[in-house]
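Colleague:
Residue numbers (my numbering): 8 to 224.
#1: Would you check if there are 3 or more beta carbon pairs closer than 8 Å linking the stretch 102-110 to the stretch 138-146?
#2: Might you give, ordered along the chain, the residues of its own chain that have their beta carbon closer than 6 Å to the beta carbon of residue 99, omitting 5 neighbours on each side?
#3: Just to confirm, is the Cβ distance from residue 80 to residue 48 under 8 Å?
#4: Over what stretch of residues does the alpha helix (DSSP H) that includes residue 75 continue unbroken?
#5: Residue 145 by DSSP, collapsed to three states: which one?
#6: Mind checking whether residue 219 and residue 52 have CB atoms under 8 Å apart?
#7: Going by C-alpha distance, which of 204, 206, 135 and 11 is nearest residue 77?
#8: Judging by CA-CA distance, which residue of 203, 209, 97 and 224 is the nearest neighbour of residue 30?
#9: Mapping the DSSP letters down to three states, classify residue 118 as helix, strand or coil.
#10: Give the DSSP-derived three-state secondary structure of residue 198 in the structure shown.
#11: Suppose the cutoff is 7 Å on Cβ atoms and the five residues either side in sequence are ignored; what does the same chain contact list for residue 35 look like?
#12: So, under 8 Å CB-CB, residue 148 and residue 179 are touching, yes? Tell me the CB distance rounded to an integer number of Å.
#13: State the DSSP-derived secondary structure class of residue 180, mapped to helix, strand or coil.
#14: Would you please state the rounded distance, in angstroms, between the beta carbons of residue 181 and residue 198? I believe it to be under 8 Å.
#15: Is the beta carbon of residue 117 closer than 8 Å to that of residue 13?
#16: Please name the residue in 83, 177, 132 and 210 whose C-alpha comes closest to that of residue 168.
#17: Quick check on the DSSP output: the beta strand (DSSP E) that includes residue 123 runs from which residue to which?
#18: Closest to residue 214 by CA distance: which of 37, 129 and 46 is it?
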């Protein structure tokens, strides 16, 4: 199973973080639309959830991912990941260490890392137990208020690492900025508002994916 997950991760181009869309009440339809549109990985990112509530939502995400052959990611919490058994646990710099998370989850769940500096990206590219990493935010984003944006220099650094480990650009990426991001060496992206706030989320996902696929990995 782990090898299959790694193979799917290696081919992934488009990673979506989304809340549970309570204000719209369209979570299942939304997930089906964006996964059909080309999202490879979807992460439930909603702060303040109790574990039981998060697990119930993850059941909805899991079912949608299984329908479309996509990867499911849990954000931050190894305890929730232990209970939900997603494909991926994504860890920030201030979360549990990778060795501790790996001890809790075992070898089958993939682990991702957020990085915000050249030093952190270099470390994540080599750290045992890490399966992919994200670099950003490229530009300031309201999803991470107050976090400095390291900008394109971080993307260029990650590209220059020539690592075989998958890595993603994140932070302010949308259809208007995607070409610039790709010019810095990015071949995989994480998006939030570019899809979640689109009038037609499925169409937005499809256009992002088509433009990413135009540049080989």
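Positions of the beta carbon are idealized from the N, C-alpha and C atoms, including for glycine. Note that the coordinates shown come from a computational prediction; the quantities given were computed from them, not determined experimentally.
Modeller: Looking at the coordinates:
#1: No, the stretch 102-110 is not in contact with the stretch 138-146.
#2: Here the question's residue 99 lines up with position 92 in the chain shown. Taken in chain order, the residues that qualify are 121.
#3: Here residue 80 refers to the residue found at position 73 when the chain shown is read from its first residue. Here residue 48 refers to the residue found at position 41 when the chain shown is read from its first residue. With contacts defined as CB atoms closer than 8 Å, residue 80 and residue 48 qualify as a contacting pair.
#4: On the chain shown, position 68 is the one that residue 75 refers to. Per DSSP, residue 75 belongs to the alpha helix (DSSP H) from 58-75.
#5: Here residue 145 is taken as the residue at index 138 of the chain shown, counted from 1. Residue state, collapsed to three classes: coil.
#6: Position 212 of the chain shown, counted from the first residue, corresponds to residue 219. Position 45 of the chain shown, counted from the first residue, corresponds to residue 52. No. Outside cutoff.
#7: For the purposes of this step, residue 77 is taken as residue 70 along the chain shown, with counting starting at 1. With distances taken between CA atoms, residue 77 lies nearest to 11 out of 204, 206, 135 and 11.
#8: Position 23 of the chain shown holds residue 30. Selection 203, 209, 97 and 224 evaluated against residue 30 yields 203 as nearest (Cα-Cα).
#9: Locating residue 118 in the chain shown gives position 111, where the first residue counts as 1. Strand, per DSSP.
#10: As a position in the chain shown, residue 198 is number 191, starting the count at 1. For residue 198, the three-state secondary structure derived from DSSP is strand.
#11: Walking along the chain shown from the start, residue 35 turns up at place 28. Excluding residues within five positions, the ones whose Cβ falls inside 7 Å are 67 and 71.
#12: One-based indexing of the chain shown puts residue 148 at position 141. One-based indexing of the chain shown puts residue 179 at position 172. Indeed, because the Cβ distance is near 5 Å, the residues count as touching under 8 Å.
#13: By one-based count along the chain shown, residue 180 stands at place 173. The DSSP-derived three-state label of residue 180 is coil.
#14: Here residue 181 refers to the residue found at position 174 when the chain shown is read from its first residue. Here residue 198 refers to the residue found at position 191 when the chain shown is read from its first residue. The beta-carbon separation of residue 181 and residue 198, rounded to 7 Å, stays under the 8 Å limit for a contact.
#15: Counting from one through the chain shown, the residue named residue 13 turns up at place 6. Counting from one through the chain shown, the residue named residue 117 turns up at place 110. Yes, Cβ-Cβ distance for residue 13 and residue 117 is below 8 Å.
#16: Sequence index remark: in the chain shown, residue 168 carries index 161 (1-based). If you compare the alpha carbons of 83, 177, 132 and 210 with that of residue 168, the shortest gap goes to 132.
#17: Stepping through the chain shown from its first residue, residue 123 is reached at position 116. That residue, residue 123, is in no beta strand (DSSP E); it is neither H nor E in DSSP.
#18: Numbered from its first residue, the chain shown carries residue 214 at position 207. When each option's Cα is compared against that of residue 214, the closest is 46.
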